[in-house]
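Participant: Can you read through this structure? Questions will come right after.
Protein chains: 2
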Amino acid sequence: MAVPQMLPPEQQICFALYSASRAITGRYRALLAPLGITYPQYLAMLVLWETGTSTVSQLGDRLHLDSGTLSPLLKRLESLGLVVRGRSANDERVVEIALTPAGDAMRSHAPQIAEQICASTGLAMPELIDLQSQIAALAERVRALT
Amino acid sequence: MAVPQMLPPEQQICFALYSASRAITGRYRALLAPLGITYPQYLAMLVLWETGTSTVSQLGDRLHLDSGTLSPLLKRLESLGLVVRGRSANDERVVEIALTPAGDAMRSHAPQIAEQICASTGLAMPELIDLQSQIAALAERVRALT
DNA sequence: CACAATTAGGTTGTACACAATCTAAATGTG
DNA sequence: CACATTTAGATTGTGTACAACCTAATTGTG
Chain F
1 MAVPQMLPPE QQICFALYSA SRAITGRYRA LLAPLGITYP QYLAMLVLWE TGTSTVSQLG
61 DRLHLDSGTL SPLLKRLESL GLVVRGRSAN DERVVEIALT PAGDAMRSHA PQIAEQICAS
121 TGLAMPELID LQSQIAALAE RVRALT
Chain X
1001 MAVPQMLPPE QQICFALYSA SRAITGRYRA LLAPLGITYP QYLAMLVLWE TGTSTVSQLG
1061 DRLHLDSGTL SPLLKRLESL GLVVRGRSAN DERVVEIALT PAGDAMRSHA PQIAEQICAS
1121 TGLAMPELID LQSQIAALAE RVRALT
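Same order as they appear, the protein sequences are chains F and X.
Heads up: the first sequence runs through residues 1 to 146, numbered per the working numbering.
Heads up: the second sequence runs through residues 1001 to 1146, numbered per the working numbering.
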């Protein structure tokens, strides 16, 4: 039972996603507290650790977030001294985000955080990979509808 | 690949959950707009449609939300005329939430909403049920750690 | 019964999310 | 080149989430 009629929230997949997402974010809260950043901020850092630099809209494409969310978030990362923001020389509309040395240095904490999160799911690697791809595919299908 | 080292967000299960949850909530936004309520408000209504009446903390236990989230949310449902709030006679600390006739009547929209959401996942019932239970179990294990 | 401890909700402050709107800077067309 | 259109970000307003704190009501213990 996970469908039509009227099911209690506990048996609906949307509530499972909503509630699992909040539970994991809570886990990150504890792990990221020493770094002084939040989970969405950490996601932005993950992209920057991979790309070195990124525009606001490239970040938005990766994380599926709009400027209304990213602008203030990136300002906070800037005030923490982890990134710098600057208008592109080619196109004054574009804002480039780049890592500071402090932001780059924070990268070294990532592996242990990922490891702890994986451990807290209680799943072994193969199951984790399988579940990740099923959920990512679902998200992709739902997003495709808009 | 869905784990330690430093993976891009797209390959991490936490980002899949976070992003799938937001995608589905966006879907609900469109479906619930005619009713004038949000997805978290709809979750509270689902519980009330099942139980008829509930205290704030019972609702919190079901949805894993605290009073800091529920108090303003329930006030909005009250100002929409969907529920009424009142202190319990037995224990003045307890606030009972009950459906109004309008709130009860809204129940009839639930089945089609659930059906549309299920359809938008692109999954058939068996897969949906299977995925739901895997994600719910994961959330339970993560919550058990606190 | 007195009183410390607990419990139920509410409030405050911070940080997302996202719709809607705004501004400035490109871009495209005649 | 002039000008309507598009595009990139920022801003505003509403609604979650959640930590931290507050108050009032109840409970447990001596």
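All C-beta atoms, glycine included, are put in the ideal place defined by N, C-alpha and C.
For the stretch 1105–1127 of chain X, enumerate the residues whose C-beta is nearer than 8 Å to any C-beta of chain F, in chain order.
Facilitator: Listed in sequence order: Arg1107, Ala1110, Pro1111, Ala1114, Glu1115, Ile1117, Cys1118, Ser1120, Thr1121, Gly1122, Leu1123 and Met1125.
Participant: Tell me whether X:Ala1030 is buried or exposed, calling it buried when 16 or more other Cβ atoms sit within 10 Å of its Cβ.
Facilitator: Exposed is the call here.
Participant: From the beta carbon of X:Arg1141, is the nearest beta carbon of chain F less than 9 Å away?
Facilitator: Yes, because at least one Cβ of chain F sits closer than 9 Å to the Cβ of X:Arg1141.
Participant: Below 9 Å between beta carbons: does that hold for F:Ala13 and X:Leu1145?
Facilitator: For clarity, residue 13 of chain F is Ile in the given sequence; the question names Ala instead. Not in contact: F:Ile13 and X:Leu1145 (Cβ atoms no closer than 9 Å).
Participant: Taking all protein chains shown into account, decide if X:Pro1072 is buried (16 or more other Cβ within 10 angstroms of its Cβ) or exposed.
Facilitator: The residue is exposed, with fewer than 16 neighbouring Cβ atoms inside 10 Å.
Participant: How do the stretch 1024–1044 of chain X and the stretch 1058–1077 of chain X stand: do at least 3 beta-carbon pairs fall below 8 Å, yes or no?
Facilitator: Touching, per the Cβ criterion.
Participant: For the stretch 51–100 of chain F, list the alpha helix (DSSP H) runs that are entirely contained and at least 4 residues long, ordered along the chain.
Facilitator: Counting whole runs of 4 or more residues, the stretch 51–100 of chain F contains the alpha helix (DSSP H) stretches 56–63 and 67–79.
Participant: Using 8 Å for Cβ pairs, my map puts X:Val1094 next to X:Thr1055. What's the rounded Cβ distance?
Facilitator: Confirmed, Cβ separation roughly 5 Å.
Participant: Going along the chain, which residues of its own chain have a beta-carbon closer than 6 Å to the beta-carbon of X:Pro1004, five neighbours each way excluded?
Facilitator: For X:Pro1004, the pLDDT reaches just 46, beneath the cut-off of 50, and the residue's location in the model is therefore unreliable, although a value from the coordinates is still provided. For X:Pro1004, where only same-chain residues beyond five positions count, there are no Cβ hits under 6 Å.
Participant: Let's test the definition: count the other Cβ atoms within 10 Å of the Cβ of F:Pro126 and tell me whether it reaches 16, buried, or not, exposed.
Facilitator: Its Cβ having fewer than 16 others within 10 Å, F:Pro126 is exposed.
Participant: What three-state label does DSSP hand F:Gly122 in the structure shown?
Facilitator: In this structure, F:Gly122 counts as coil in the three-state DSSP scheme.
Participant: With three or more C-beta pairs closer than 8 Å as the rule, is the stretch 104–114 of chain F touching the stretch 1106–1113 of chain X?
Facilitator: No: fewer than three Cβ pairs fall under 8 Å.
Participant: So within the stretch 10–50 of chain F, which uninterrupted alpha helix (DSSP H) runs reach at least 4 residues, ignoring any that extend past its ends?
Facilitator: Qualifying alpha helix (DSSP H) stretches, in chain order: 13–32.
Participant: Below 9 Å between beta carbons: does that hold for F:Glu50 and X:Pro1008?
Facilitator: Yes, the Cβ-Cβ distance between F:Glu50 and X:Pro1008 is below 9 Å.
Participant: Exposed or buried, F:Cys67, counting other C-beta atoms within 10 Å across all chains shown (16 or more means buried)?
Facilitator: Looking at the sequence shown, residue 67 of chain F is not Cys but Ser. Looking at its Cβ environment, which holds fewer than 16 other Cβ atoms inside 10 Å, F:Ser67 is exposed.
Participant: Reducing DSSP to helix, strand and coil, say where F:Pro8 ends up.
Facilitator: Residue state, collapsed to three classes: coil.
Participant: With a cut-off of 8 Å on the beta carbons, I'd call X:Ile1135 and F:Ala20 a contact; round off their distance for me.
Facilitator: Their Cβ separation, rounded to whole angstroms, is 5 Å, which keeps X:Ile1135 and F:Ala20 in contact under 8 Å.
Participant: List, in order along the chain, the chain F residues whose C-beta lies closer than 9 Å to that of X:Val1047?
Facilitator: The answer, in chain order, is Pro8 and Pro9.
Participant: Please state if the CB of F:Ala23 and the CB of X:Val1142 are separated by a distance shorter than 9 Å.
Facilitator: Yes, the Cβ-Cβ distance between X:Val1142 and F:Ala23 is below 9 Å.
Participant: Taking the straight line between their C-alpha atoms, what separation do you get for F:Leu63 and X:Met1045?
Facilitator: Each residue's alpha carbon lies about 30 Å from the other.
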